[in-house]
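Under mature numbering (1 follows the signal peptide of the UniProt record, and there is no 0), read the sequence shown as residues -23 to -1, 1 to 861, first letter to last.
Below: one structure, written as structure tokens.
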Amino acid sequence: MAFGASAHVILLSLCVFGAPSHASDVVRPRDAVPSGYVALPYYPAPPGGWTNDWSASYAKARALVEEMTLAEKTNITAGSGIFMGKNYGIPCVGNTGSALRLGFPQLCLQDSALGVASTDNVTAFPAGITTGATWDKSLIYERAVAIGQEFRGKGVNIYLGPTVGPLGRKPLGGRNWEGFGADPVLQAIGGALTVKGVQEQGVIATIKHLVGNEQEMYRMYNPLQSGYSSNLDDRTMHELYIWPFAEGVRAGAASVMSAYNAINGSACSQNSYLLNGLLKDELGFQGFVMSDWLSHMSGVASALAGLDMDMPGDTQVPLLGSSYWMYELTRSVLNGSVPVDRLNDMATRIVAAWYQTGQDKDYPPPNFSSNTHDPYGLLYPAALLSPTGLVNQYVNVQADHYKIARKVAQDAITLLKNDDDLLPLSNSSSFKVFGTDAQVNPDGPNACGNRACNKGTLGMGWGSGVADYPYMDGPIDAIKRRTRNVTYYATDTFPSVSAPSPDDVAIVFISSDSGENSFTVEGNHGDRDASKLAAWHSGDTLVQKAAAKYSNVVVVVHTVGPLILEKWIDLPSVKAVLFAHLPGQEAGESLTNVLFGDVSPSGHLPYSITKAAGDLPDSVANLKGFALGQVQDTYTEGLYIDYRYLNKKSIKPRYAFGHGLSYTNFTFTNASIRRVTQLGSTPPSRPPKGPTPSYPTDIPAASEAYYPDGFNAIWRYLYSWLSKADADAATAAAAKGKPYPYPDGYGTEPKAGPPAGGGQGGNPALWDVAYEVTVTVGNAGDRRAGRAVAQAYVQFPEGIAWDTPVVQLRDFEKTAELRPGEAEAVTVRFTRKDVSVWDTTTQDWVVPSPEGRYRFWVGGASDRLEVACYSDTLTCEEGLESLV
């Protein structure tokens, strides 16, 4: 059912485009969306501070904000302008204003989700998709701790990660590789553990992009065209796309970034249902919401809709130092169009996040520049004239984080095929290595800005989600360290080679790249619109020709996502295939450790690999093309993406979601199930909201907005002050009481809160553990140690009123390394939310059949589930044929 199909379904708010904050603004109506997808209003913005775990930080924040002037409050809610910074440089990709009089600093916001971007002496960690492929909760957390330590060491206040949106709905989507995999639970666990690990280091984490940013092309609003509208129904929103954000909020995420696109026609940065309704009210988000860069497009409308921070502060075309907030937000409060309590809440949320992460105590200032690697540079490079100063201090924050990076890269490597047990390789073999992906870019690993090329080993995609390599350990270098009997052909065109000997092994490296729509690489506009799901640089042909020459071929794939392998996967000489994903700086030794058997591969696919692109529905398989007006991307497939769709249609993939082989074999035995919580059909009533900070609501005096005496403004730097004449005029306008043309449905009466809310992430009862399943995982091999992943899926009872996917991932646990004959008992858990569906009528989570037979499946992949435990009898069966 689509949003708005009946009166009880409410989503999502009115979109107001391009309106600055004067009371005389004219609102441009949004484009029509397909019938049944409705965007309704949700006002007012719920104030933060009502959960116990944030109450102390909010108390401190209130005391500080109460002392701020109007201009100081508006100053901390927006960026100072693109390329504009503070003190000794323009350090970060985003820099807020400050309230230095009261000790509140300018905050530094910095990419990327895989490491500190645009600076030196940092670690280039494996990408999110690689991290997800480890299926290792402990390792995901360790990576996050290391990332948080590096961001703190560089003086970054706000880490612009983790990425859980895009979810990975479209295999061709350009930024899927920044997230953890094409499943809401895999994304949720990866995102929540990353939030936890980063924020424990005192760095504010930003979970992004909220929501529906599932392709890159046509994502952004501009003066000529609106960003595409992701049209999705209420249930799909809750059970897929908002799910990872709920887990991130529950983990305490102090910041959320809105997406560029629209939801049901309403731009995410000013979508009142998305921000006010879903995020702040239902999910109980206590931190602040920031816009993605240059996605801010209105003054009053976005403030009322729940946006708290405008990044980087400029309008969408940042030429002259114009802003919809900063001085315009000051004007809006003085003229009465933005309520004082909304501004107070915006400022309080930002300051509370600062206190919540302990940044008020001994937090280092930025010590780097995002714009130059030289020690000295322009302090304000966007200005017409700028002083110079020290901008880089070359602080090394790497510690021994290469070990964690290498471990992630190694444990993510996914063995798809290993005929005749060709792997692991023997040092005594003769190796012929083909493909430029095996070597570091000859021009240097950082030769292409923002990694916007595919030259050499592909360690990450391109765009804002990258970091500079301190070095790259290339695969061919690591192979040569293992054996001298290797010949490398640094070409993607199969060369003329001599007749192979019987012990020759050909290792072929191929790749597939993607990234942000800000850059076009080899005809791909962020998304893989030109290359599709084929290997780049004629990689499929390279494999075919190697397979025609050699009897033993190993294919190593560095890729942002799934590929179609059908041209060569069944060739008899293609004995082994490894997906190494995007390994970051440790591409070499992490791979050779697996190739030569130092460790068994233990990665599992974080997405399905189909036999043809058309095996998935058109709405998922294909990108949306150009359209006059707003591009409409309608989620007609609903819940059925990736393995959910394939299972529903009984389509056999080439390799299923969760697939991954080892050099040994594992058994799943001695299964048992325990009921932990007796469930009813609906959760207990939500806890009431606690008190929130209160302030005087009188419009401040115009004098709080005046420029300081003798102040000399820097051109294009954004300030929150107004001239005396402008401030006085705004105050006079408020006195006249001229009504402001608020969006339809706007109101100021506070809402009690939806039944599904009540805490961070939603009603706390949703995380009550309903069932625990314990299973013994044993290494049944006789030669090699290895690690297994126990993947846990739920199958809903038959005959319920809701259509549900055949199975859905709900938990996973990875074992320690098990020697032959060793075993480990692992426990997976299913919460109330895990066995619930989103009911669009009651607007709450419902257990469809509390006494019915839920089947809890455990196994090594989504298509290798061999243990089933039953909720009604509390019994288990083993050795079953997989359900799909």
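Glycine is no exception: its CB is placed at the ideal position from the N, C-alpha and C atoms.
Everything numeric in this text was worked out from a predicted model, so none of it was measured.
CB-CB length for residue i against residue j, believed under 8 angstroms
{"i": "residue 536", "j": "residue 514", "result": "Their Cβ separation, rounded to whole angstroms, is 13 angstroms, which puts residue 536 and residue 514 out of contact at 8 angstroms."}
{"i": "residue 73", "j": "residue 57", "result": "7 angstroms"}
{"i": "residue 187", "j": "residue 234", "result": "7 angstroms"}
{"i": "residue 156", "j": "residue 143", "result": "6 angstroms"}
{"i": "residue 767", "j": "residue 805", "result": "6 angstroms"}
{"i": "residue 135", "j": "residue 86", "result": "4 angstroms"}
{"i": "residue 539", "j": "residue 103", "result": "Not really, about 18 angstroms apart at Cβ, beyond 8 angstroms."}
{"i": "residue 54", "j": "residue 285", "result": "6 angstroms"}
{"i": "residue 238", "j": "residue 609", "result": "Going by Cβ atoms, the distance from residue 238 to residue 609 rounds to 11 angstroms, so no, they are not a contact pair."}
{"i": "residue 412", "j": "residue 330", "result": "Not quite, the Cβ-Cβ distance comes to about 46 angstroms (not below 8 angstroms), so this is no contact."}
Buried/exposed call for residue i, threshold 16 Cβ in 10 Å
{"i": "residue 224", "result": "buried"}
{"i": "residue 300", "result": "buried"}
{"i": "residue 812", "result": "buried"}
{"i": "residue 689", "result": "exposed"}
{"i": "residue 729", "result": "exposed"}
{"i": "residue 404", "result": "exposed"}
{"i": "residue 715", "result": "exposed"}
{"i": "residue 294", "result": "exposed"}
{"i": "residue 653", "result": "exposed"}
{"i": "residue 419", "result": "exposed"}
{"i": "residue 603", "result": "exposed"}
{"i": "residue 726", "result": "exposed"}
{"i": "residue 189", "result": "buried"}
{"i": "residue 680", "result": "exposed"}
{"i": "residue 529", "result": "buried"}
Assigned secondary structure, residue i (DSSP; H/G/I helix, E/B strand, else coil)
{"i": "residue 819", "result": "coil"}
{"i": "residue 304", "result": "helix"}
{"i": "residue 214", "result": "helix"}
{"i": "residue 588", "result": "coil"}
{"i": "residue 245", "result": "helix"}
{"i": "residue 376", "result": "coil"}
{"i": "residue 666", "result": "coil"}
{"i": "residue 567", "result": "helix"}
{"i": "residue 790", "result": "strand"}
{"i": "residue 266", "result": "strand"}
{"i": "residue 871", "result": "Any property of residue 871 remains undetermined from this structure, which presents the chain solely from -23 to 861."}
{"i": "residue 185", "result": "strand"}
{"i": "residue 795", "result": "strand"}
{"i": "residue 100", "result": "coil"}
{"i": "residue 86", "result": "strand"}
{"i": "residue 398", "result": "helix"}
{"i": "residue 690", "result": "coil"}
Beta-bridge pairing of residue i - partner residues as DSSP gives them
{"i": "residue 846", "result": "833, 853"}
{"i": "residue 76", "result": "81"}
{"i": "residue 638", "result": "392"}
{"i": "residue 409", "result": "464, 483"}
{"i": "residue 699", "result": "683"}
{"i": "residue 551", "result": "530"}
{"i": "residue 643", "result": "756"}
{"i": "residue 651", "result": "749"}
{"i": "residue 767", "result": "790"}
{"i": "residue 234", "result": "267"}
{"i": "residue 135", "result": "86, 181"}
{"i": "residue 807", "result": "748"}
At least three beta-carbon pairs within less than 8 angstroms, the region 716 to 724 to the region 318 to 329 | At 8 angstroms Cβ cutoff, the stretches do not touch.
Are there three or more Cβ pairs, one per stretch, closer than 8 angstroms when the region 580 to 593 is compared with the region 458 to 471?
-> In this structure the region 580 to 593 does not lie against the region 458 to 471, because fewer than three pairs of beta carbons, one per stretch, are closer than 8 angstroms.
At least three beta-carbon pairs within less than 8 angstroms, the region 494 to 510 to the region 402 to 417 = Inter-segment contact for the region 494 to 510 and the region 402 to 417 is absent: fewer than three beta-carbon pairs are separated by less than 8 angstroms.
Three-pair Cβ contact test at 8 angstroms for the region 376 to 384 versus the region 431 to 443 = Taking 8 angstroms as the limit for Cβ pairs, the verdict is that the region 431 to 443 does not touch the region 376 to 384.
Assess, as a yes-or-no matter, whether the region 207 to 218 is touched by the region 514 to 531 under the definition of 3 or more beta carbon pairs within less than 8 angstroms.
-> Per the Cβ contact rule, the region 514 to 531 is not in contact with the region 207 to 218 (fewer than 3 Cβ pairs under 8 angstroms).
Do the region 667 to 684 and the region 24 to 32 make contact, defined as three or more Cβ pairs closer than 8 angstroms?
-> Contact between the region 667 to 684 and the region 24 to 32 is present: three or more C-beta pairs spanning the two stretches fall below 8 angstroms.
Three or more C-beta pairs closer than 8 angstroms, one from the region 818 to 832 and one from the region 755 to 766: is that the case here?
-> Not touching, per the Cβ criterion.
Per the contact definition of three or more C-beta pairs closer than 8 angstroms, is the region 740 to 747 in contact with the region 772 to 783?
-> In the pairwise beta carbon analysis, the region 772 to 783 is classified as not touching the region 740 to 747: fewer than three pairs are separated by under 8 angstroms.
Please confirm if the region 267 to 276 is in contact with the region 31 to 40, defined as three or more CB-CB distances below 8 angstroms between the two stretches.
-> The region 267 to 276 is not in contact with the region 31 to 40.
Hey, is the region 365 to 374 in contact with the region 346 to 353, meaning 3+ C-beta pairs nearer than 8 angstroms?
-> With contact defined as three or more Cβ pairs closer than 8 angstroms, the region 365 to 374 and the region 346 to 353 are in contact.
Given 8 angstroms as the limit, is there contact between the region 629 to 648 and the region 828 to 847, that is, 3 or more CB pairs closer than that?
-> Yes, the region 629 to 648 is in contact with the region 828 to 847.
Is the region 97 to 113 touching the region 553 to 572 in the sense that three or more CB pairs, one from each, lie closer than 8 angstroms?
-> These segments touch.
Cβ contact (3+ pairs, closer than 8 angstroms) linking the region 300 to 314 and the region 691 to 706 | Below 8 angstroms, enough C-beta pairs join the region 300 to 314 and the region 691 to 706 to call them touching: three or more.
Does the region 338 to 347 touch the region 35 to 50, meaning 3 or more C-beta pairs lie closer than 8 angstroms?
-> Contact between the region 35 to 50 and the region 338 to 347 is absent, because fewer than three Cβ pairs lie under 8 angstroms.
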